[in-house]
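Line by line, the protein sequences give chains R and P. So in our numbering, spot 110 of the first sequence is number 198, and the numbers just go up one at a time. So in our numbering, spot 131 of the second sequence is number 219, and the numbers just go up one at a time. Glycine included, C-beta positions come from ideal geometry on N, C-alpha and C.
There are 2 protein chains.
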Amino acid sequence: VSVERAEALALDAADPLASFRDAFVITDPQRIYADGNSLGRLPRAVAAVITDAMHEWGDRIVEAWDGWIDLPTRVGDRLAAVCLGAQPDEVVACDSTTVNLYKLVHAACDLREGAIVTDRANFPTDRYVLEGLAGSRGRRLVLADSVADALAVPDAAVVCLSHVDYRSGEALDMAALTRTTEALVVWDLSHSVGAIEIDCSTIDLAVGCSYKYLNAGPGGPAFLFVRRALADAMRSPIQGWFGQHEQFAMGPRYDPLPGAARFLAGSPPVLGLLALDASLDLLADAGMPQIARKGRALTSLAATLADDWLAPLGFTLATPRDPAARGSHVALRHADAWPICRALIERANVVPDFRRPDIVRLGFPPLYTRFADVWDAMDRLRGLVAAGEHHHVDPRARRVT
Amino acid sequence: VSVERAEALALDAADPLASFRDAFVITDPQRIYADGNSLGRLPRAVAAVITDAMHEWGDRIVEAWDGWIDLPTRVGDRLAAVCLGAQPDEVVACDSTTVNLYKLVHAACDLREGAIVTDRANFPTDRYVLEGLAGSRGRRLVLADSVADALAVPDAAVVCLSHVDYRSGEALDMAALTRTTEALVVWDLSHSVGAIEIDCSTIDLAVGCSYKYLNAGPGGPAFLFVRRALADAMRSPIQGWFGQHEQFAMGPRYDPLPGAARFLAGSPPVLGLLALDASLDLLADAGMPQIARKGRALTSLAATLADDWLAPLGFTLATPRDPAARGSHVALRHADAWPICRALIERANVVPDFRRPDIVRLGFPPLYTRFADVWDAMDRLRGLVAAGEHHHVDPRARRVT
Chain R
89 VSVERAEALA LDAADPLASF RDAFVITDPQ RIYADGNSLG RLPRAVAAVI TDAMHEWGDR
149 IVEAWDGWID LPTRVGDRLA AVCLGAQPDE VVACDSTTVN LYKLVHAACD LREGAIVTDR
209 ANFPTDRYVL EGLAGSRGRR LVLADSVADA LAVPDAAVVC LSHVDYRSGE ALDMAALTRT
269 TEALVVWDLS HSVGAIEIDC STIDLAVGCS YKYLNAGPGG PAFLFVRRAL ADAMRSPIQG
329 WFGQHEQFAM GPRYDPLPGA ARFLAGSPPV LGLLALDASL DLLADAGMPQ IARKGRALTS
389 LAATLADDWL APLGFTLATP RDPAARGSHV ALRHADAWPI CRALIERANV VPDFRRPDIV
449 RLGFPPLYTR FADVWDAMDR LRGLVAAGEH HHVDPRARRV T
Chain P
89 VSVERAEALA LDAADPLASF RDAFVITDPQ RIYADGNSLG RLPRAVAAVI TDAMHEWGDR
149 IVEAWDGWID LPTRVGDRLA AVCLGAQPDE VVACDSTTVN LYKLVHAACD LREGAIVTDR
209 ANFPTDRYVL EGLAGSRGRR LVLADSVADA LAVPDAAVVC LSHVDYRSGE ALDMAALTRT
269 TEALVVWDLS HSVGAIEIDC STIDLAVGCS YKYLNAGPGG PAFLFVRRAL ADAMRSPIQG
329 WFGQHEQFAM GPRYDPLPGA ARFLAGSPPV LGLLALDASL DLLADAGMPQ IARKGRALTS
389 LAATLADDWL APLGFTLATP RDPAARGSHV ALRHADAWPI CRALIERANV VPDFRRPDIV
449 RLGFPPLYTR FADVWDAMDR LRGLVAAGEH HHVDPRARRV T
C-alpha cells in the first residue's frame, strides 16, 4: 500500500497555509485544478479590487486611482520584496514577458560583445525573441543542447535561461550558474515566481509573468528585474515616456529615470496592476518560505504516488526527485499523454495540461492546493488509465494547449 | 448676444446620437467631463463584460473566454472595420502605443535607408521612441520644426506624424501627406481614432491607443495597422510566440504569421481586449460618419463661444477653425491656463486638462457629450475667469497633467 488518503488529510489538517484556499473563488469543489501554473485561480480580493476599480472609473474617470501613474514601480517594489528578494527600484511591473525579455537582452548586448545563447529546451517565446535580437544586433545565436552547454559557450554576451523548466519542472541554481560565466545571464522566472523562493541579489537580470502563481489574471502585467548597480549603464531600446525623467515636462530629449524604471515604456495597465497588487497581499501574508515549503511537500507527495501507482501504468516522472531542484509542478511522461489529459478533463474533473510530445503536466500552487487534491488527482489519473478510459476520448476535441 | 442655451438644447433634441449617452456610466449629472480625450468614460457594456469575464475566470479558470487566443486579431479586425477603414489582417490590438510604434518604425527601417524623422511638436513618447531607434539603428534623427519640414527631409526613411495634434487638435490630411514622400509614414492615431473618420486604405502604417475615444479603460490595449501589401516584407523586432505560425507547435525557429499578426508578441491582456470589443459595439452602432459629424458640430459650437465670450478675457483659440481640419477637442490658450484648469475642476465641476505651457484643453467625445454640455462648459469657464476665481486656487494643488 502506498500513501493512504487519510495521510493526505492529516497533512492538510496540519497545513499552516490551509486557510488561504478560502481566499480564492472556487465554484466547483469537486474539480481539481492542476493548471495554476498556466493561469492562477481568481483571488476574491482581486475580484473585489477590480469591481472597485471599475466603480472608480465610472465615477471619477480621469481622476480615479490615486497614484496610478506610479503603479508600475510601486507594484514592482512590492513584488521585489514579497517574491524576488530584490531591492527597491530594481523591479517594475509592465508589458509582457516577451517584451521585457526583448528590452533586457537588447540592453545587455550594449554591455557585452559576443553571442546570444540559450538552450534548445527553453520556452519558445524566449527562443524566438533571442533569434530576432541575434539578427537585428548582428550577433551569433547559439541554441545549446543543454543548460551546461549554454553556459560553456566561450564568447557568450548574454545567456537566457529559465529558472524552472516549463515542461520538466526542474529548478536551476541561479546563483551558482550565474557565477560560472562572464556573460550576463537573463533569468526567466515565469514558472518559479510565487511558487518557490527567489533571491535576486545573486543574479543580474530577470523577467517573468504574473498570471501563473501570482494570480493576477489573464494577460496580466509582466515584470523585469535589473540589479541596481547595472541599471544606470543600461538603455531600454524602447524609450517610452514612462521611462522618462519628469515625464510630464515632456522635454525635448530622452533622459531616462534611474533604476529599473527606465525600462518602462507606455501607459500602464491599471486594472492588471491593481489585480497584481491585491494578489501580492496573499503571498505576503503567507510568506514565500512557507509557500515554497508546502510546494515541495505537495510535489513530493505527487512524486511518491507517481512511483507507486503510475509507473506500472507506463508513466515516467520527468521532474527531479530532489525537492529543492524543482518548482511547484510535476511532469509525467506517457506515450498517450494527450488523450490522458483530455480524459482527465472530460471524465475525471481534473484539469492538467498537455505539453508536446508526451507530458501530462500537473501544477500544484501551494496557496490553494490541498494535499488531498494531489492524492485525489493522482488517484483519478490512476483509475482512468487503468480502466483505459483515455482510449475513448474524441480525437477531434479541442487540443489542450 | 451669442448662441443661446436654448439653441444648444435644440441641437441635442435633434441629435441622432443623443441616446448613446445612456450607454455610459454617469454618476454626477452636473459634472461636465471634457477630458474623454485623455481617458474615455466607462461604457455600461464594458462594466458588464468585465464582470462576466471575472466570473468566467473564477468559474472556468484556464478554460474561460472561448477563443481568447484570437482576441488580438479578432478585436483588431473589428477595430479595422468600425474605425479605421482597414481590411482584415491589417490590424491587431496589443501592447502599448509606445511598444507598437517601436515595432513598426524598427521594421520600416529594414525597408528604407535614411533618416528617422518627426516634428518637434509630436507627442513625447513618439519622439523618445524615435530617438532611441535612431541610436540603435544608426540612423540620423531629425526633429523638424514643422510637419511640412518633416515631410521635406530628402533622405527620410521613416516619418512619424500624429493624425490629430494632442495639443492644438489640428487634424492632418493623412492621404495627401503620405503621398508627398517616398519615406514610410507612420501615423499615430491616438487622438483621432473613435473621434473622426480614418481611411487606412490611403496610408501604410499606423498605431494608436484605446483608452481615449475608444473607451477601453486605463492602459487598455493599443493597436497597430500595417497595409497588407507591406506586412509580409516586414519583421517585428520583438519576435514573440503570439506572432509565430502554429504557436503551440512551439517549433525550433521563428516563422511569422502573415499580415499584421506577425507583430504580436506576448500573452494578450484578455480583460482589456474584451473591454475594447464591447466598447466597439457602441461605435459600430453609432457609425463613425455620424460620430465625426457630431464631433465637428460640438467643436464648432465651442469655437463660436470661444470667439464670442472668451477672446475678450484673453483666450485664443489654438484649434483650426475649419471643422474638417480638427479632431474632437479644442485648445484654448491663456497665460493663466494652469490655474484656470484647477479652478474649473474645483469650483465649476468641469474637467478639462492642462497642456504646458498655456493650453486649456477641452475634449468633446461625441458619444456622450451634449451640445448643452459644451455650452455650459464654456459658460462656466467664462464666468469663472470673468470673476477672477482662478486667482484663488491653491498653487500647491496636484498638478493637472
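- Under the three-pair Cβ rule at 8 angstroms, the region 384-392 of chain P does not count as touching the region 187-200 of chain P.
- Proximity to phenylalanine 313/R across Gln175/R, Ala141/R, Ala96/R, Leu159/R peaks at Gln175/R, based on C-alpha coordinates.
- Contacts with chain R at 9 angstroms (Cβ-Cβ) do not include proline 176/P.
- Excluding sequence positions up to five before and after valine 252/R, its CB lies within less than 6 angstroms of the CB of Ala259, His279, Ser280, Gly415, all in the same chain and listed in chain order.
- Contacts between tryptophan 156/P and chain R, judged by CB atoms closer than 7 angstroms, involve Pro306 in chain order.
- Below the 8 angstroms Cβ cutoff, chain R contributes Ile149, Val150, Glu151 as neighbours of valine 439/P, in chain order.
- Collapsing the DSSP output to three states places tyrosine 216/R in a helix.
- The straight-line gap separating the alpha-carbon atoms of tryptophan 156/R and serine 234/R is approximately 43 angstroms.
- In the DSSP annotation of this structure, the continuous segment of the beta strand (DSSP E) that includes isoleucine 204/P starts and ends at 203-207.
- Comparing alpha carbon positions, the residue from Leu420/P, Tyr456/P, Thr457/P, Trp275/P closest to arginine 470/P is Leu420/P.
- For arginine 414/P, the secondary structure class from DSSP, reduced to helix, strand or coil, is strand.
- In this structure proline 440/R does not touch aspartate 140/R by the C-beta definition: roughly 34 angstroms separates them, more than the 8 angstroms allowed.
- In the structure shown, aspartate 123/P adopts coil according to DSSP, grouped into three states.
- Listed along chain R, no residue sits closer than 9 angstroms to threonine 392/P by beta-carbon distance, the nearest being about 26 angstroms off.
- The beta-bridge partner set that DSSP reports for isoleucine 447/R consists of Arg421/R, Arg443/R.
- Here alanine 465/P has Ile120, Ala122, Val438, Leu450 as same chain residues with Cβ atoms under 7 angstroms from its own Cβ, once five neighbours each way along the sequence are excluded.
- Aspartate 396/P carries a helical assignment under DSSP once its states are collapsed to helix, strand and coil.
- In the DSSP assignment, cysteine 248/R is bridged to Thr206/R, Val274/R.
- Against chain P, a Cβ distance below 8 angstroms from serine 367/R picks out nothing, because the smallest value is about 12 angstroms.
- If you check the CB distance, alanine 244/P and threonine 269/P come in under 9 angstroms.
- The Cβ of valine 179/R sits no closer than 9 angstroms to any Cβ of chain P.
- Using a Cβ-Cβ cut-off of 8 angstroms, glutamate 219/P is close to Gln327, Arg341, Tyr342 of chain R, given in chain order.
- Below the 7 angstroms Cβ cutoff, chain P contributes no neighbours of tyrosine 301/R, its closest Cβ being approximately 13 angstroms away.
- DSSP places phenylalanine 351/P in no alpha helix (DSSP H); its state is neither H nor E.
- Within the same chain, Thr407, Arg414, Gly415, His417, Val418, Ala419 come within 7 angstroms of glycine 257/R by CB-CB distance, once the 5 residues on both sides are set aside.
- Classified as exposed, proline 400/P has fewer than 16 neighbouring CB atoms from the shown chains inside 10 Å of its CB.
- Here DSSP, grouped into helix, strand and coil, assigns glutamine 378/P to helix.
- The beta carbon of arginine 166/R is closer than 8 angstroms to those of Asp365, Leu368, Ala372 in its chain, skipping five residues each way along the sequence.
- Per DSSP, the beta bridge partners of glutamate 258/R are Arg414/R.
- Residue contact check for arginine 444/R against chain P: a CB pair falls below 9 angstroms.
- If you ignore the 5 residues before and after glycine 296/R, its C-beta comes within less than 7 angstroms of the C-beta of Thr185, Asp276, Leu277, Ser278, Val281, Ala310, Phe311, all in its own chain and listed in chain order.
- Taking 4 residues as the minimum length, the alpha helix (DSSP H) runs contained wholly in the region 107-180 of chain R are 132-148, 159-167, in order along the chain.
- At a beta-carbon threshold of 7 angstroms, none of the residues of chain P lie near glycine 347/R; the nearest stands roughly 18 angstroms away.
- Residue-level contact check: glycine 164/P does not touch chain R, since none of the beta carbons of chain R fall below 9 angstroms from its beta carbon.
- In the three-state DSSP reduction, threonine 404/P falls in the strand class (E or B).
- Taken through DSSP and simplified to helix, strand or coil, glycine 339/R comes out as coil.
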